[in-house]
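Working notes, structure below.
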Amino acid sequence: MAASHEMTELGEFSIGAVTGRNSVFLLSEQERVAFGIQKRDVRSVVSRAKHIRGTTISTTELRQLANAGEKTWVLYPAKLSPSVEARLSMIPKPERSKVVWFSKRSPWWKVDLGNPCDAIFTYMNHRGPRLVLTKSRIFCTNTLHRFSFHKGIAEEQRASAALSLLSSFGQLMAEELGRAYGGGVLKFELSDARKLPVILSTKSGASGALAEADVALRAGDYELATQIADQFLMPPILGRSWKKSIAGIQSEVKRRRMIRHSSSKRANNG
Numbered sequence: 306m307a308a309s310h311e312m313t314e315l316g317e318f319s320i321g322a323v324t325g326r327n328s329v330f331l332l333s334e335q336e337r338v339a340f341g342i343q344k345r346d347v348r349s350v351v352s353r354a355k356h357i358r359g360t361t362i363s364t365t366e367l368r369q370l371a372n373a374g375e376k377t378w379v380l381y382p383a384k385l386s387p388s389v390e391a392r393l394s395m396i397p398k399p400e401r402s403k404v405v406w407f408s409k410r411s412p413w414w415k416v417d418l419g420n421p422c423d424a425i426f427t428y429m430n431h432r433g434p435r436l437v438l439t440k441s442r443i444f445c446t447n448t449l450h451r452f453s454f455h456k457g458i459a460e461e462q463r464a465s466a467a468l469s470l471l472s473s474f475g476q477l478m479a480e481e482l483g484r485a486y487g488g489g490v491l492k493f494e495l496s497d498a499r500k501l502p503v504i505l506s507t508k509s510g511a512s513g514a515l516a517e518a519d520v521a522l523r524a525g526d527y528e529l530a531t532q533i534a535d536q537f538l539m540p541p542i543l544g545r546s547w548k549k550s551i552a553g554i555q556s557e558v559k560r561r562r563m564i565r566h567s568s569s570k571r572a573n574n575g
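Below you can see the structure in the form of structure tokens.
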């Protein structure tokens, strides 16, 4: 599509942080308190796709999730305290030498978080991938891809890119470029994600449309989120017959998803 741009034109993808032992380095609020670990020794992190229900994510949400028992704190101390050492002692010394990522770090317990994410990309999906914009200093683990926008990419353009992946066009492109894995999951390696085309609308209002889509997604209404994205992005490109064109695109998306899921079932049945 002439109006589309590859994601690599907008920014850079990279893998999320690798802790080496999620069961130790990731904590809920209850675990943090139980070990007496100070808040200065942890950072907000998205460690699972289920933590990002909408089109945006904030540290406030992640703290609420931590309070609810989700592991959305990552251990990131400047130096060892007795409380931090107690948590790290859950990894016996003989085991530490067996973990490749520990040997790559100095000190071994210092997780390389990289820079905070501008957005988080869900690369394992039953539907299509999502680009979730961050509202504050948030990190993610390697169960997700990190995305950093190039300088000069405005807020409206960022919102438009996120909407594009929710749109029928974005879902079709995802089916074309993604790779089918076990259980019918659609997976995106970094190289696949970089090639994904997105539409950057030239009209204002992308942030407002993204906020509407956010409400729909949090309510579990994925179809409505797609309708919102389509209504904002597609009329200027497809013209008066955009609804008819979208119907054709959606039909093709459903066909490809059926093939993906049925192929997975056949493989599982052996």
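Under the working numbering, the letters of the sequence shown match residues 306 to 575, in that order. All C-beta atoms in this analysis are idealised placements derived from N, C-alpha and C, irrespective of residue type, glycine included.
Q | Buried or exposed (CB count within 10 angstroms, at least 16 for buried), S352 | A | buried
Q: Tell me where the beta strand (DSSP E) around T360 begins and ends.
A: Careful: T360 lies outside any beta strand (DSSP E) and carries neither H nor E.
**Q.** CA-to-CA distance, E366 to C445, given in whole angstroms
**A.** 14 Å
Q) So is G483 buried or exposed if we call it buried at 16+ other beta carbons inside 10 Å? A) buried
(Q) Less than 6 Å between C-beta atoms, sequence neighbours within five positions excluded: which residues of the same chain meet that for N430? (A) L491
**Q.** Nearest-angstrom Cα separation, counted from A511 out to L315
**A.** 16 Å
Q) With 16 other CB atoms within 10 Å as the buried threshold, where does V416 fall? A) buried
Q: Select from S469, L393 and K456 the residue whose C-alpha is nearest the C-alpha of T324.
A: L393
Q | Nonlocal neighbours in the same chain, by C-beta distance under 7 Å from A518, ignoring five residues either side | A | T360, L468, L471, A530, I533 and A534
Q | Cβ shell of A383 (< 8 Å), same chain only, five flanking positions each side left out | A | R345 and D346
Q. So G475 is in the alpha helix (DSSP H); what residue range does that whole segment cover?
A. S473 to L482
Q. What residues are listed by DSSP as bridge partners for H310?
A. V503
Q. Quick one: what does DSSP say M539 is sitting in, helix, strand or coil?
A. coil
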